[in-house]
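J.:
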Amino acid sequence: MLLRPATADDFDFLAAMMLEACNWTGEAWFTLEKARADDKVWRYVEGWPLAGDFGVVAEIDGVPAGACWARLVAGGYGYVADDVPELTLGVSPSFRRRGIARALLTALADTARAASYQRLSLSVDPNNPAAGLYATVGFRKVGVVQTSDTMVLEL
Ligand SMILES: CC(C)(COP(=O)(O)OP(=O)(O)OC[C@H]1O[C@@H](n2cnc3c(N)ncnc32)[C@H](O)[C@@H]1OP(=O)(O)O)[C@@H](O)C(=O)NCCC(=O)NCCS
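First residue of the sequence shown: -2, per the working numbering; consecutive thereafter.
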């Protein structure tokens, strides 16, 4: 597995991984068109990379397999403070259960730390297996918004 910084060229892949996060149950609730039309969703990738954005892409044999990136999203689903970036995570279905998400989260936390951020946040449905993964890398639940948990990692 190769981990590398996410660049502007990764926009389409990040959008695809965001769709995976939207459709985490396995049902295709969101298409790219629907996501693009929904500002609450699209704001996580729109204009990537904006100043201050950072992210990591995992490649297997030269093929993008997963991505994790973070951005300051005022009023985002996982918002906790103006200076706390909120992350998005997705791994392509055919590459799952190989430790890619865990590696991406660790690399993203390292990047955030190097950029002097104090915390990372996210929003996750407690029924999503990702919630357990986040807990094992140190995220702690700090609140509930509608049906989703807000989690924070102290860096
Ligand atoms: C959640 C997701 C990112 C996990 O990616 P992954 O690369 O398969 O995760 P990893 O291989 O690093 O898994 C690490 C651990 O997480 C847990 N885990 C991951 N997927 C799981 C699943 N489907 N069921 C149960 N546990 C799971 C396991 O404890 C796993 O360790 P193990 O494989 O040694 O048992 C991936 O399934 C995905 O992209 N889902 C859709 C997008 C999404 O839900 N994003 C998060 C939105 S908040």
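We treat Cβ as the ideally placed atom computed from N, Cα and C, and that holds for glycine.
Quick one: grab the DSSP three-state call for Phe51.
T.: Your numbering for residue 51 matches position 54 in the sequence shown. DSSP places Phe51 in strand when its eight states are reduced to three.
J.: Can you grab the Cα-Cα spacing for the pair Leu69 / Val60, in whole Å?
T.: Against the sequence shown, residue 69 aligns to sequence position 72. Against the sequence shown, residue 60 aligns to sequence position 63. So the two alpha carbons sit approximately 28 Å from each other.
J.: Quickly, what does DSSP pair Gly87 with across the bridge? List them, please.
T.: In the sequence shown, counting from the first residue as 1, residue 87 sits at position 90. In the DSSP output, where bridge partners are listed per residue, Gly87 has Ala64.
J.: Reducing DSSP to helix, strand and coil, say where Val121 ends up.
T.: Along the sequence shown, one-based indexing puts residue 121 at 124. The answer is strand: DSSP assigns Val121 an E or B state.
J.: Around the Cβ of Pro82, are there at least 16 other Cβ atoms within 10 angstroms (buried) or fewer (exposed)?
T.: Stepping through the sequence shown from its first residue, residue 82 is reached at position 85. It is buried - the Cβ of Pro82 has at least 16 other Cβ atoms within 10 Å.
J.: For Ala5, I'd like the list of residues in its chain whose CB is within less than 8 Å of its CB, leaving aside the five on either flank, ordered along the chain.
T.: Numbered from its first residue, the sequence shown carries residue 5 at position 8. Closer than 8 Å at the Cβ level, and outside the excluded window around Ala5, lie Trp45, Pro46.
J.: Any heavy atom of ligand 1 closer than 7 Å to the beta-carbon of Val53?
T.: Mapped onto the sequence shown, residue 53 falls at position 56. No, the Cβ of Val53 stays beyond 7 Å of every heavy atom of ligand 1.
J.: Rank Ala3, Phe27, Ala112 by C-alpha distance to the C-alpha of Val54 and give the top, closest one.
T.: The residue you call residue 54 lines up with position 57 of the sequence shown. Nearest C-alpha to Val54: Ala3.
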